[in-house]
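Below is one structure, written out as structure tokens; the observations come after it.
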Amino acid sequence: MTAGYLLNHLSESELFNVFAKNSEEINSQKIAREVIIKRQFKKLETVGDLTSCIDKAIGEQDNNAYKRIFQALRIQVNEEFENLKNGLTGAIKIIKDDGKIAIVTFHSLEDRIVKNFTKTSGIKLLNKKPIMNRRGRTFEKSAKLRLIVKNIL
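Residue numbers (the working numbering): 532 to 684.
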């Protein structure tokens, strides 16, 4: 499945869910509505088609909104949250008792999945507060390292 397919085939409520769930974009409903309106006249085929929908929906150019909406589409297309959950589940199955796993997350939605997973899966966070590089380059600052250990049952 491609981002283009999602934009041109999902219903307004489905687009809203993709945008809201995968990016927490505050204007998700307005953007989803604008995508539906625009695609009635022309299939969305370019980055510019989508950014113009975002601009019209929120009334201005907003690079942060662009980033969040493109992130939401990437997460949906790549099934990133499901893959993260499956990876965590698989890792816990194959490591020995007291085995440790280091997990790096790159945004708050991924980090929330890891935290929730630790609460329900018989594993323990070794570091309550994630390790972060506050002095790194911009793209490094959002990365969080969490260490988990498989409990002996």
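All residues carry an ideal CB built from backbone N, CA and C; glycine is no exception. For clarity, every value in this text was computed on a predicted model and none was experimentally measured.
- DSSP places A633 in the strand class (E or B) of the three-state scheme.
- With contacts defined by Cβ atoms closer than 8 Å, K660 and I679 do not form a contacting pair.
- Judged by DSSP in its simplified three-state form, R677 adopts strand.
- A straight line joining the alpha-carbon of N558 with that of K631 spans about 40 Å.
- Shortest Cα-Cα distance from L619 to any of V608, T636, N658 involves T636.
- Counted as a single uninterrupted DSSP element, the stretch harbouring I626 is not any alpha helix (DSSP H), since DSSP gives it neither H nor E.
- Distance from the CA of Y597 to the CA of E543, rounded to the nearest whole angstrom, comes to 18 Å.
- Between the alpha carbons of E641 and L546 lies a distance of about 20 Å.
- Bridge pairing for M663: K675 [DSSP].
- As for any alpha helix (DSSP H) of minimum length 4 sitting wholly inside the stretch 550-603, the runs are 559-570, 578-589, ordered along the chain.
- Using a 10 angstroms sphere on the CB of F550, the tally of other CB atoms reaches 16 or more, which defines it as buried.
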